[in-house]
Amino acid sequence: MAKLLYSATMSLDGFIAGPGGDMSWLTDYLGPNPTMEAATEEIGALLIGNRTFRGDDPLKGTENEGEPFGGGWSGPQFVLTHHVPATPVPGITFVTDLASGVAASKEAAGGSYVNVLGADVAQQCLAAGELDEILVCVAPVLLGDGVRLFTHPGGATTRLERLGLTSASQETNIRLRVVR
Numbered sequence: 146m147a148k149l150l151y152s153a154t155m156s157l158d159g160f161i162a163g164p165g166g167d168m169s170w171l172t173d174y175l176g177p178n179p180t181m182e183a184a185t186e187e188i189g190a191l192l193i194g195n196r197t198f199r200g201d202d203p204l205k206g207t208e209n210e211g212e213p214f215g216g217g218w219s220g221p222q223f224v225l226t227h228h229v230p231a232t233p234v235p236g237i238t239f240v241t242d243l244a245s246g247v248a249a250s251k252e253a254a255g256g257s258y259v260n261v262l263g264a265d266v267a268q269q270c271l272a273a274g275e276l277d278e279i280l281v282c283v284a285p286v287l288l289g290d291g292v293r294l295f296t297h298p299g300g301a302t303t304r305l306e307r308l309g310l311t312s313a314s315q316e317t318n319i320r321l322r323v324v325r
């Protein structure tokens, strides 16, 4: 059965996007990263939050704009949203609740990982007991404000077990398992 993996590049102060969802900061850190490239090969489907799907793209204006992992991955994509567009989007399946999104993306992934993209949907998966692993690529930058990797004021402590720690040209990669 597929596992859910939340992956993101994060600033040292804990933000995955700048104020207003700005992703332009990330372009300086989109270099070779063997850990992320290996993880991408393990992905069978994506479960994407609506704000991430409709949000800023660090590859805006390039030939890889709108392509998952800069064009380094293709496969089934499921977007969790309360507002399904009237016009279908090629290659995208819209789901309206977490349970059906998780079920559909796991089925599509087969024995591979479902990669969760978006802080809010990752938090929902964690709260529902569905999130299995987290891969954080820590970039050497302080954003000061924006969208946090996780945020749950007053939330419960979640234990994590380190599975791996590697370095790329500019980032430090931490892979963790959610301890249940």
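Residues in the sequence shown are numbered consecutively from 146, following our numbering. Backbone N, C-alpha and C define an ideal beta-carbon position, used for all residues, glycine too.
Beta-carbon proximity check, residue i vs residue j, cutoff 9 Å
{"i": "GLY246", "j": "ALA147", "result": "no"}
{"i": "ILE279", "j": "SER152", "result": "yes"}
{"i": "ASN318", "j": "VAL266", "result": "no"}
{"i": "MET155", "j": "VAL283", "result": "yes"}
{"i": "ASN260", "j": "LEU191", "result": "yes"}
Presumed contact (8 Å Cβ cut-off) between residue i and residue j, rounded CB distance
{"i": "LEU149", "j": "CYS270", "result": "6 Å"}
{"i": "ARG322", "j": "ASP277", "result": "7 Å"}
{"i": "LEU175", "j": "PRO203", "result": "7 Å"}
{"i": "LEU243", "j": "ALA273", "result": "6 Å"}
Rounded separation between residue i and residue j - CA only
{"i": "SER257", "j": "GLY299", "result": "33 Å"}
{"i": "LEU287", "j": "GLU316", "result": "13 Å"}
{"i": "ALA313", "j": "ALA301", "result": "32 Å"}
{"i": "PRO230", "j": "ALA249", "result": "19 Å"}
{"i": "GLY220", "j": "ALA183", "result": "16 Å"}
{"i": "ASP173", "j": "VAL234", "result": "30 Å"}
Beta-bridge pairing of residue i - partner residues as DSSP gives them
{"i": "ALA411", "result": "There is simply no residue 411 to check, as the chain begins at 146 and stops at 325 in what is shown."}
{"i": "GLN222", "result": "LEU191 and ILE237"}
Is the number of C-beta pairs between the segment 281-297 and the segment 159-171 that are closer than 8 Å three or more? yes
Kindly confirm or deny that the segment 195-203 and the segment 217-231 touch, where touching means at least three C-beta pairs closer than 8 Å. yes
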